[in-house]
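First residue of the sequence shown? That's 289 in our numbering, and the numbers climb one at a time after it.
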Amino acid sequence: MASGAGSNFEALVHACGDGTLPAEVALLVVNNPGCGAQQRAEHLGVPWRLLDHRLFASRELLDQALAQAFQDVQVDLVVMAGWMRIVTAELIQAFPDRLLNIHPSLLPSFRGARAIEQALAAGVTLTGCTAHLVREEVDSGPILVQAAVPIAMDDTRETLAQRIHHQEHRIVPLAVQLAAQRLGLLTPAQG
Ligand code: GAR
Numbered sequence: 289m290a291s292g293a294g295s296n297f298e299a300l301v302h303a304c305g306d307g308t309l310p311a312e313v314a315l316l317v318v319n320n321p322g323c324g325a326q327q328r329a330e331h332l333g334v335p336w337r338l339l340d341h342r343l344f345a346s347r348e349l350l351d352q353a354l355a356q357a358f359q360d361v362q363v364d365l366v367v368m369a370g371w372m373r374i375v376t377a378e379l380i381q382a383f384p385d386r387l388l389n390i391h392p393s394l395l396p397s398f399r400g401a402r403a404i405e406q407a408l409a410a411g412v413t414l415t416g417c418t419a420h421l422v423r424e425e426v427d428s429g430p431i432l433v434q435a436a437v438p439i440a441m442d443d444t445r446e447t448l449a450q451r452i453h454h455q456e457h458r459i460v461p462l463a464v465q466l467a468a469q470r471l472g473l474l475t476p477a478q479g
């Protein structure tokens with residue numbers, strides 16, 4: 289699931305393609321027509337679907353459609369790779385312990401949509417990213433992997449975001465592997 293540029297989606301596809309992760313990205317769902325993630329999927333030859341949140345009367349109805357889309361292709365895990373919508377029980381309960389999120393801070397610090405800006409405004413010298421299982425409380429849930437990113441004095445949102453992204457691309461495939469191992473979908477020796 290992706291809403292924007294889709295660099296984490298692409299990192300996952302590459303991890304599957306180069307054998308880092310013994311898995312396959314079966315489907316990308318985007319909510320913003322023509323977004324970077326959609327373009328990357330076209331380029332990489334990954335099937336994609338558009339579920340535009342503007343066309344659904346409620347979050348629950350969108351999430352029902354998302355769950356159905358993933359059930360249609362029988363996926364084992366779902367990754368919110370830059371999905372900028374709050375998800376509801378409709379999706380979370382359809383994939384118990386199988387729905388992952390990537391967030392650009394060291395949770396539980398700086399929850400919400402503007403985590404990088406919050407870290408800069410707070411003046412902390414260390415931030416990072418977190419891959420976790422999704423629960424109904426936003427940006428909560430069992431943590432799978434975290435990576436720390438130091439903040440430099442002259443960092444802007446863009447320079448910091450770039451270094452966080454670099455770490456996200458490393459930990460997202462690792463988080464998928466750990467989640468799959470926890471579910472018995474992969475043995476510890478695999479991946
Ligand atoms: C990532 O930094 C991800 O952590 C963040 O959106 C970005 C998507 O980048 N997600 C959130 O902020 C969720 N609250 P990408 O589209 O290049 O993968």
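The beta-carbon is built from N, C-alpha and C at its ideal position, and this holds for glycine as well.
Remark: the shortest separation between the CB of Asn319 and any heavy atom of the ligand GAR does not fall under 6 angstroms. Distances taken from the Cβ of His391 to the heavy atoms of the ligand GAR include one shorter than 6 angstroms.
Of all alpha-carbon atoms in Pro392, Gly294, His302, Gly292, the one lying nearest the alpha-carbon of Ile452 is that of Pro392. Here the distance from the Cβ of Ala409 to the nearest heavy atom of the ligand GAR is not below 6 angstroms.
In this structure, DSSP gives Asn319 a state outside helix and strand, which the three-state scheme calls coil. Taking 4 residues as the shortest admissible run, the region 343-369 contains the following complete alpha helix (DSSP H) segments, listed from N- to C-terminal end: 347-360. Contact holds between the region 295-315 and the region 448-462, because three or more Cβ pairs, one in each stretch, are under 8 angstroms apart.
Taking all protein chains shown into account, Met368 has 16 or more neighbouring C-beta atoms within 10 Å of its C-beta and is therefore buried. Here Gln478 carries a coil assignment [DSSP, helix/strand/coil]. DSSP lists Thr415 as the beta-bridge partner residues of Val437. In this structure Arg399 is in contact with Asp427, their Cβ atoms being roughly 4 angstroms apart against a cut-off of 8 angstroms.
Annotation: Leu388 to Thr413 spans about 27 angstroms, alpha carbon to alpha carbon. Inter-residue distance for Ser291 and Gln478 is about 30 angstroms (C-alpha atoms, whole angstroms).
Taking the CA atoms as reference points, Asn320 sits about 21 angstroms from Gln359. In the three-state reduction of the DSSP assignment, Leu466 falls in the helix class.
Judged by the Cβ position, Ala353 fails to qualify as a neighbour of the ligand GAR at the 6 angstroms threshold, every heavy atom of the ligand being at least this far. If you compare the alpha carbons of Leu343, Val363, Asp306 with that of Val313, the shortest gap goes to Val363.
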